[in-house]
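Novice: Got a structure for you, questions after.
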Amino acid sequence: MNQILEKSIFEYSQPGRGALAQHPPGDDAAVLETLPSALRRRTPPRLPEVSELDAVRHFTRLSQLNFSIDTNFYPLGSCTMKYNPKACNQYAMLPEFLARHPLAPDTQGQGFLSCMFELQEMLKEVTGMKAVSLNPMAGAHGEFAGVAMIRAYHRARGDLARNEIIVPEAAHGTNPATATMCGCVVKEIPVDAQGDVDLDALAKAVGPNTAGIMLTNPSTLGVFERKIEAVAKLVHGAGGLLYYDGANLNAILGKVRPGDMGFDVIHMNLHKTFSTPHGGGGPGAGAVGVSARLEPFLPVPVVAREGSAYRWLSEADRPQSIGRLSAFMGNAGVLLRAYVYMRMLGREGMSRVGEFATLNANYLMARLREAGFDLAYPTRRASHEFIITLKRQARELNVTAMDVAKRLLDYGFHAPTTYFPLLVPECLLIEPTETESRETLDAFIEAMVAILGEAQTDAARLKGAPYTLPVRRLDDVRAAKQLELTWKPVNSAA
Amino acid sequence: MNQILEKSIFEYSQPGRGALAQHPPGDDAAVLETLPSALRRRTPPRLPEVSELDAVRHFTRLSQLNFSIDTNFYPLGSCTMKYNPKACNQYAMLPEFLARHPLAPDTQGQGFLSCMFELQEMLKEVTGMKAVSLNPMAGAHGEFAGVAMIRAYHRARGDLARNEIIVPEAAHGTNPATATMCGCVVKEIPVDAQGDVDLDALAKAVGPNTAGIMLTNPSTLGVFERKIEAVAKLVHGAGGLLYYDGANLNAILGKVRPGDMGFDVIHMNLHKTFSTPHGGGGPGAGAVGVSARLEPFLPVPVVAREGSAYRWLSEADRPQSIGRLSAFMGNAGVLLRAYVYMRMLGREGMSRVGEFATLNANYLMARLREAGFDLAYPTRRASHEFIITLKRQARELNVTAMDVAKRLLDYGFHAPTTYFPLLVPECLLIEPTETESRETLDAFIEAMVAILGEAQTDAARLKGAPYTLPVRRLDDVRAAKQLELTWKPVNSAA
Amino acid sequence: MAFIPHTAADVQHMLQTIGAESIDALFDEIPQSLRIQGLEGIPPGLSEMEIGRLMSERARLDGRPLSFLGAGAYEHHIPAAVWAITTRGEFYSAYTPYQAEASQGTLQLIHEYQTMITSLTGLEVSNASLYDGGSAVAEAALMAVRAHRKSRSLRLLIPSTVNPSYRRVVQSTAGNQGVQFDTVPYLRESGCIDPAALEAYSGQDITALVIQQPNFFGQLEDVDRLTDWAHAQGMLVIAVVNPTSLAVLKPPGEWGTRGADICVGEGQPLGVPLSSGGPYFGFMTTRMEYVRSMPGRIVGRTVDLEGRPGYTLTLQAREQHIRRGKATSNICTNQGLLMTAATIYMTLVGPAGLARVAESCMARTAELVSTLGQIKGVRVAFAGSRFHEAVVLLDRPAAAVLRQLEAQGILGGVDLAADYPELGPAVLVCATETKTAGDLDRYVGALRHALEAA
Amino acid sequence: MAFIPHTAADVQHMLQTIGAESIDALFDEIPQSLRIQGLEGIPPGLSEMEIGRLMSERARLDGRPLSFLGAGAYEHHIPAAVWAITTRGEFYSAYTPYQAEASQGTLQLIHEYQTMITSLTGLEVSNASLYDGGSAVAEAALMAVRAHRKSRSLRLLIPSTVNPSYRRVVQSTAGNQGVQFDTVPYLRESGCIDPAALEAYSGQDITALVIQQPNFFGQLEDVDRLTDWAHAQGMLVIAVVNPTSLAVLKPPGEWGTRGADICVGEGQPLGVPLSSGGPYFGFMTTRMEYVRSMPGRIVGRTVDLEGRPGYTLTLQAREQHIRRGKATSNICTNQGLLMTAATIYMTLVGPAGLARVAESCMARTAELVSTLGQIKGVRVAFAGSRFHEAVVLLDRPAAAVLRQLEAQGILGGVDLAADYPELGPAVLVCATETKTAGDLDRYVGALRHALEAA
Ligand SMILES: Cc1ncc(COP(=O)(O)O)c(C=O)c1O
Ligand SMILES: Cc1ncc(COP(=O)(O)O)c(C=O)c1O
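Protein chains in written order, with the working numbering: chain L, 1 to 494; chain R, 1 to 494; chain B, 1 to 454; chain W, 1 to 454.
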């Protein structure tokens with residue numbers, strides 16, 4: 001990683017400079033005279049005025065300031081930071097795919113549509129659901145679709161009171177946020193000491209207002225929810241539906257399916273389980289799958305095969321649909337990447353994902369426990385991830401999970417997820433994924449051991465970390481207090 | 001730039017590991033039984049056995065250990081390290097161009113051939129030559145073609161004694177090396193204090209054995225050879241031909257042409273003047289241009305237009321050709337990049353190249369002189385490059401050109417060319433190119449000034465440079481004495 | 001095994017370390033009854049070579065027609081450098097920059113993006129992207145409800161000149177929270193919001209007025225007057241804009257006396273390929289006073305332990321991972337990579353280049369529309385200024401005509417029959433800077449032929 | 001100005017600093033009579049958008065035929081990662097690694113390449129690439145002359161089973177130094193070097209014997225016997241090999257009792273696209289004893305001031321920039337980027353993958369040849385083992401048949417009429433791992449049809 005800070009692109013800018021090869025030919029300025037002057041822009045926007053070389057150099061240098069899968073191990077729990085095959089990118093970016101307009105007729109897109117149809121079919125198979133819509137553009141978007149379908153289902157049955165969504169306290173923030181966004185009321189329930197849902201609490205929580213429950217299994221605690229059948233029975237018995245947050249699907253791919261566990265609706269994070277890249281924040285794709293009773297409510301469009309031809313189904317074909325969640329069809333390019341990935345894995349490869357993700361996590365867990373780290377759920381198997389808690393170190397050595405995370409960066413490893421799930425104090429949620437080799441895991445373990453040693457002998461070293469990155473630890477409090485959200489010509493920082 | 005060393009790819013390797021998606025499907029091992037056992041390989045080659053992720057991560061990290069145009073200013077004299085437009089790469093790598101087999105019929109390549117034909121035409125225009133062959137694959141390869149044509153020309157005229165090639169002592173190493181490779185004898189002649197060829201020495205050197213002279217103009221001294229017309233007269237008068245080393249064509253693009261100066265044959269470095277990338281060592285393209293009398297000798301193939309169709313001319317069409325210098329047609333992909341670049345520049349853009357390359361060099365020269373650096377040719381204009389000599393600093397401060405070069409790396413700038421041309425002691429040959437902005441030049445000047453200050457106050461600082469790169473100064477002597485030319489399982493280094 | 005590095009020896013060693021007999025044993029907490037033995041419905045794996053060939057064949061099926069489609073997604077030139085850099089592994093394969101020190105590249109880039117997009121829209125603060133243009137309008141509606149403390153109506157005005165797809169997305173999204181949308185009709189002559197219809201809402205408690213500029217028909221609304229009217233009524237103004245057009249059109253921050261309050265739009269025109277509809281990105285900017293109501297991530301500049309400048313995610317207390325059920329939105333993963341491409345695009349074209357793009361689009365569309373208007377059986381629907389789209393009316397059902405053009409490799413426009421039946425046979429056409437005079441001729445010729453032939 | 005960043009203010013300031021009136025004044029040392037005023041013959045500049053469209057149109061003209069061409073350039077699957085990484089700016093836009101400390105990425109990669117290619121060929125040392133396979137054979141010939149101190153003949157034996165293009169390159173290159181090449185004929189039955197013809201050279205002073213394996217016809221030479229014979233005669237042995245084949249064929253370092261002395265070949269099959277003939281790269285390996293006679297760059301491992309390992313160019317005293325007229329070659333710029341691609345390719349396929357590729361090529365060719373041989377009017381030219389090419393003889397002029405296939409989008413092979421007229425109508429065909437059963441069927445069907453039709 002580059003360690004030299006890069007100045008702002010605006011500091012390269014000079015009035016009148018520009019990458020002229022990027023301008024369209026000719027001069028059409030006269031056309032502006034057709035605009036009433038009240039509608040015209042008076043001062044040009046502050047976009048950089050730089051040469052193409054300056055732009056390329058600036059953004060190339062910026063890129064080097066990042067950790068990424070392509071350069072670093074990234075054991076970020078709940079995020080499934082596995083290798084993103086280059087082939088997925090290359091074949092999703094074939095010129096014809098890139099050039100296709102979203103409103104081009106289906107006849108001018110049979111190649112693309114056939115991929116989408118087959119992707120729907122494959123997603124049904126791996127999840128055990130009956131129908132799939134590829135429309136949602138991220139996990140949270142899929143959650144929204146799912147809860148909206150649950151509501152639509154109850155509404156269609158005249159069951160209008162059901163507006164409560166139950167979530168375990170370990171749930172990801174998007175779960176309660178989604179429930180609210182769908183106009184529901186969130187009810188949190190606790191988990192027991194083993195990480196399983198507290199069935200008594202659940203039994204008390206369900207009732208005539210229950211719209212449904214949102215669960216991920218394995219849960220965000222890194223363990224498989226063993227009482228899932230009982231949970232399903234309780235919720236269904238109370239008239240609610242079960243929502244499956246697919247963020248952790250990687251753990252069970254080919255081993256067990258949400259549909260078989262009794263879930264009614266599920267979203268998948270294709271940018272996790274199916275290896276599309278995270279792109280420094282996105283895009284993702286949050287396809288949703290449903291049981292038969294929810295199929296009519298799926299968001300449009302959905303691809304159908306009719307004979308040997310494929311076509312989009314729209315609101316006209318699906319009058320009960322919750323509607324449209326994106327202007328067009330969702331993140332097509334992401335879906336193509338997932339399609340390529342799934343086809344390359346095939347049926348055997350798909351099952352191996354769950355197996356080796358689980359093997360890596362359990363190996364890492366065993367080795368870290370042996371090295372003196374405390375596990376949050378020491379009696380449980382790890383799923384594809386597990387939690388260590390630094391509560392003891394925090395108390396005894398005054399070293400926090402954040403300190404360990406920052407120090408790991410100096411060792412060339414991205415930090416695990418910190419402080420999530422919220423209910424485990426000083427936690428690190430560690431997910432190695434199946435694409436990492438034993439040697440990489442061993443090197444990570446070595447670093448963790450070294451850091452534990454430092455914590456014992458020189459805790460200040462950790463507090464000051466990182467040391468070898470482009471910047472030392474950043475002042476988040478100042479960032480939120482003195483808001484500098486855009487670049488200003490006069491350098492206002494210290 | 002990354003500062004953490006990367007282990008060898010062989011250290012990632014484990015028997016039985018592999019990137020299986022890259023294997024062809026099926027199992028054809030049975031076919032090996034058709035091979036006599038004496039012809040079969042017994043032990044597999046030592047290629048790495050790694051996962052795709054390990055490979056991607058390793059080579060991505062390695063790349064980050066490099067300086068490059070895309071990340072650093074690179075004022076490497078004689079090398080014309082200008083911006084390589086991304087468009088050239090993108091459009092040279094269109095799938096159809098990449099997939100085209102070199103022996104595909106001309107009818108399956110009219111698109112490609114039309115580009116090559118137009119490239120030939122454009123190169124004729126910018127150089128003032130009468131015909132062009134795109135065949136040679138680098139500058140030195142073009143030189144070989146040029147000298148071979150000179151020899152073939154004399155031979156065709158029965159002028160068999162002409163086997164001497166004259167080169168000025170400032171010439172690039174490839175010039176004398178080429179002459180030797182063509183079976184010629186090299187005669188070096190001096191340049192005068194102003195950097196021009198010593199005409200008296202030349203007059204003495206030419207004679208009945210003179211095959212020709214190799215010159216670059218502007219010369220490798222960074223100045224325009226002012227007596228070029230007299231040189232041409234002398235050499236032609238003696239029955240010799242003039243060879244133009246096109247490495248410095250960037251300096252005069254659109255201002256003056258080798259053909260008009262009296263040169264009979266010329267190579268162009270498309271990887272310099274026409275901005276194809278250097279690729280960490282290559283590939284290049286060394287197209288040759290000739291006057292009418294040498295046209296019959298051009299290396300094949302050459303593209304011809306016949307009506308609206310294009311076709312390759314081969315030995316059959318060109319019986320006097322010096323023949324074939326590459327298995328197929330040369331570095332087609334590099335030529336496509338040059339074609340795209342030249343079409344984007346167009347006629348106006350082409351002339352601006354010489355102008356702004358010269359402006360940048362003269363600006364840098366003026367500022368560095370002002371800052372206390374000694375110029376090798378203080379009375380001369382810079383061409384697109386110029387030389388400073390650190391002879392004085394070497395004497396007074398015991399600081400060498402190499403020390404300054406290495407220290408510049410710490411400031412984030414690639415070093416200028418050092419110790420070339422050999423006749424200027426402790427020299428730095430500096431070529432900024434036209435694509436760098438004034439701000440970049442100013443930052444370089446600042447660094448040079450700072451380094452001069454360090455040289456005066458703390459010369460040891462320079463001797464120890466670089467400090468901020470992945471390695472400190474490397475031991476070249478040891479490298480040549482204890483040859484470690486391949487990776488060995490047991491770590492044999494200190 | 002594809003994408004799995006484990007050798008048999010690795011597996012042995014790891015199982016031993018764990019103390020498990022087999023990999024299967026690691027799944028022993030899963031009720032046996034739920035376990036499956038395989039995924040027979042998934043086809044066998046393909047090598048990269050095979051999938052490459054398959055995808056190339058499928059891509060070829062889709063062809064490369066000459067397209068005059070717009071309606072929210074626009075064909076523009078994309079500099080080669082944009083995706084050459086965007087797909088660098090360090091951008092492409094990085095996660096959300098939660099570990100700021102290890103993500104300065106992405107964070108600084110987002111900060112630069114925020115600077116560019118706020119300047120382009122004339123507002124003060126920006127987030128780091130939303131899913132797309134449609135969902136951005138929906139988020140803006142919800143944000144307006146949160147931000148407008150005085151309005152309790154949960155009612156917004158959304159004219160029919162707003163992209164019908166966006167209106168659908170807004171309905172399916174914000175509708176769940178009980179937000180209501182009143183559709184304001186347009187004037188048949190101008191294709192712009194009917195001021196009289198708007199006047200009917202005077203004095204009512206309405207949270208916000210949505211204004212799309214250029215509107216769905218490509219026509220230019222009288223944004224100053226509309227904005228001032230809405231503000232006078234105590235409504236917020238949500239601007240929905242095309243970013244390319246802002247190189248030449250007045251930015252929402254300057255609409256009327258006070259400027260629009262929230263600005264959103266589809267970022268696709270800024271260097272993002274059409275790609276059948278996504279991934280694109282939604283942008284959103286607003287006034288500083290509403291920053292805490294804004295959904296999505298925001299990057300701030302700060303300093304490190306040694307006082308050096310650096311960048312970090314800030315104001316995270318608005319977001320789901322902190323605020324959970326009370327967050328401004330549930331958005332988590334956004335469209336970062338597309339925002340990255342857009343930032344590089346805006347840098348490469350610069351202010352002058354973006355203006356050239358806008359002018360060229362306007363000019364090509366003006367040329368196309370004026371020539372089409374001369375064909376017998378074709379009429380231009382609306383008078384007034386437009387940007388780079390226009391509605392043309394045909395003398396027979398549009399679908400059949402479009403099919404005829406398609407047979408000649410031309411996508412002649414978007415059929416408005418379903419969304420605007422009142423117009424009769426109507427097609428929305430668009431010509432951007434990518435269209436040459438020859439392209440326009442080809443279209444005009446083919447349309448003339450189609451209308452004469454039948 | 002495209003690719004020039006200077007603003008008018010910059011130019012002013014810079015001229016002032018220089019003390020020149022105008023840019024033109026900077027050219028005042030050039031004789032006025034030589035100056036030109038412009039380049040009218042060059043067309044006006046195009047924007048990137050325009051050149052992109054032009055190139056796409058031209059590329060489409062070239063089509064994507066189904067190809068069975070080989071003859072020195074082979075269609076193979078190239079993993080997507082190869083060029084995704086090779087075109088990273090840090091590799092793509094770097095210069096030759098003369099400043100070692102700023103080039104550790106390229107240098108280490110070359111060192112890894114040297115390790116791979118020496119192991120593949122079974123020899124000890126490698127350079128960092130030559131221009132292509134043809135020029136590598138020429139360099140090997142010149143190197144043999146330098147390295148073989150005892151031989152003064154300047155004569156080499158180069159069988160007619162060596163690629164005719166290579167033989168031409170060798171002639172045009174080494175011929176200038178007076179090196180002579182005697183062509184050794186092949187046997188009509190086996191398509192391999194005629195041992196009897198070779199025997200005629202027994203006892204003569206000959207510098208080296210060149211052996212291509214698999215030979216130009218795809219047939220496998222008896223390399224052990226040939227090598228031992230040449231060594232017994234005091235000749236050096238220059239091996240010319242296909243790198244893919246070395247996954248399954250005996251490496252030159254193990255030929256005969258002592259092994260070949262110099263090994264060269266075309267690196268294109270290792271991840272380099274066909275691209276109309278280049279850029280490819282030539283590889284060369286040899287014994288340690290000859291390393292100082294080897295042309296081209298070489299990377300060595302060393303240590304830095306602090307004792308850390310690092311890489312640097314070494315043995316530069318062989319090269320033109322140091323040794324000038326006495327250098328081992330004039331080569332300077334080589335084919336570094338292609339060597340980079342090949343290194344990544346070899347890493348991704350690994351030893352097992354490369355063997356799979358080789359086996360698949362052999363199997364597909366065997367299938368093709370056996371089916372073609374059943375067509376009436378087609379005969380397989382040679383018996384014996386082969387790798388992934390074969391000569392088939394037709395019952396009528398090949399050119400016309402190939403044209404018929406071309407009309408159906410099939411490139412049916414390389415016509416040998418010009419180079420091997422003695423064979424009669426003959427075509428060299430090749431099927432690599434990229435060919436499916438369906439592809440082979442298509443070819444066979446089309447050829448059958450062509451031969452029956454006429
Ligand atoms: C458990 C869980 N649920 C939901 C999400 C939300 O998914 P997305 O970020 O794609 O919206 C995440 C992602 O971080 C997650 O880890
Ligand atoms: C003056 C001069 N001549 C010739 C050459 C040789 O060109 P190439 O490296 O392309 O063989 C160079 C390149 O460095 C050069 O600078």
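Don't be surprised by glycine CBs; every beta carbon is placed ideally from N, CA and C. Nothing here was measured: the structure is a model prediction, and the numbers come from that model.
Mind pulling the beta strand (DSSP E) runs of 3 or more residues that sit fully within the segment 195-261 of chain W?
Specialist: 208-213 and 236-241, all fully within the segment 195-261 of chain W.
Novice: Let me confirm a value: S492 (chain L) is counted as buried when at least 16 other C-beta atoms fall within 10 Å, else exposed. Which label applies?
Specialist: Low confidence applies here, because S492 (chain L) scores a pLDDT of 44, under 50, leaving its location unreliable; read the following figure in that light. Burial call: exposed.
Novice: Is any non-hydrogen atom of ligand 1 found closer than 8 Å to the C-beta of H271 (chain L), if you look at the structure I gave you?
Specialist: Yes, the beta carbon of H271 (chain L) sits closer than 8 Å to at least one heavy atom of ligand 1.
Novice: Give a yes or no on whether 9 Å exceeds the smallest Cβ distance from L54 (chain W) to chain L.
Specialist: False, the Cβ-Cβ gap to chain L never drops below 9 Å.
Novice: Closer than 8 Å by beta-carbon distance: list the chain L residues that pair up with V56 (chain R), in chain order.
Specialist: Result: D70, Y83 and K86.
Novice: Counting Cβ pairs, one atom from each stretch, are 3 or more of them under 8 Å apart for the segment 160-174 of chain W and the segment 306-324 of chain R?
Specialist: Verdict: yes, contact present.
Novice: Is any non-hydrogen atom of ligand 1 found closer than 8 Å to the C-beta of S78 (chain L), if you look at the structure I gave you?
Specialist: Yes; taking the cut-off as 8 Å, the Cβ of S78 (chain L) has a heavy atom of ligand 1 nearer than that.
Novice: Excluding the 5 residues preceding and the 5 following L234 (chain R) in the sequence, name in chain order all residues of the same chain whose CB lies nearer than 8 Å to its CB.
Specialist: If we look at L234 (chain R) and ignore the five residues flanking it on each side, its Cβ neighbours are L199, L202, A203 and V206.
Novice: For V137 (chain B), count the other beta carbons within 10 Å of its own beta carbon; 16 or more makes it buried, fewer makes it exposed. Which is it?
Specialist: Burial call: buried.
Novice: Buried or exposed for M81 (chain R), going by 16 or more other Cβ atoms inside 10 Å?
Specialist: The residue in question, M81 (chain R), is buried, as its Cβ has 16 or more Cβ neighbours within 10 Å.
Novice: Within 8 Å, do at least three Cβ pairs link the segment 102-111 of chain B to the segment 83-91 of chain L?
Specialist: These segments do not touch.
Novice: Could you tell me which whole beta strand (DSSP E) segments of length 3 or greater appear in the segment 300-336 of chain B?
Specialist: If we require 3 residues or more, the beta strand (DSSP E) runs fully inside the segment 300-336 of chain B come out as 309-314.
Novice: Specify whether the segment 272-289 of chain B and the segment 465-479 of chain L touch according to this definition: at least 3 beta carbon pairs, one from each stretch, less than 8 Å apart.
Specialist: Output reads no: the segment 465-479 of chain L does not touch the segment 272-289 of chain B.
Novice: If you run the structure through DSSP and keep just helix, strand and coil, what is I166 (chain R)?
Specialist: Residue state, collapsed to three classes: strand.
Novice: With Q404 (chain B) as the anchor, note down where its alpha helix (DSSP H) starts and where it stops.
Specialist: Start and end: A398 to A407.
Novice: C427 (chain L): beta carbon under 8 Å from a heavy atom of ligand 1?
Specialist: Result no, Cβ not under 8 Å from ligand 1.
Novice: Looking at the strands, I want to know which residues DSSP matches up with Q180 (chain W).
Specialist: Its beta-bridge partners are W:R155.
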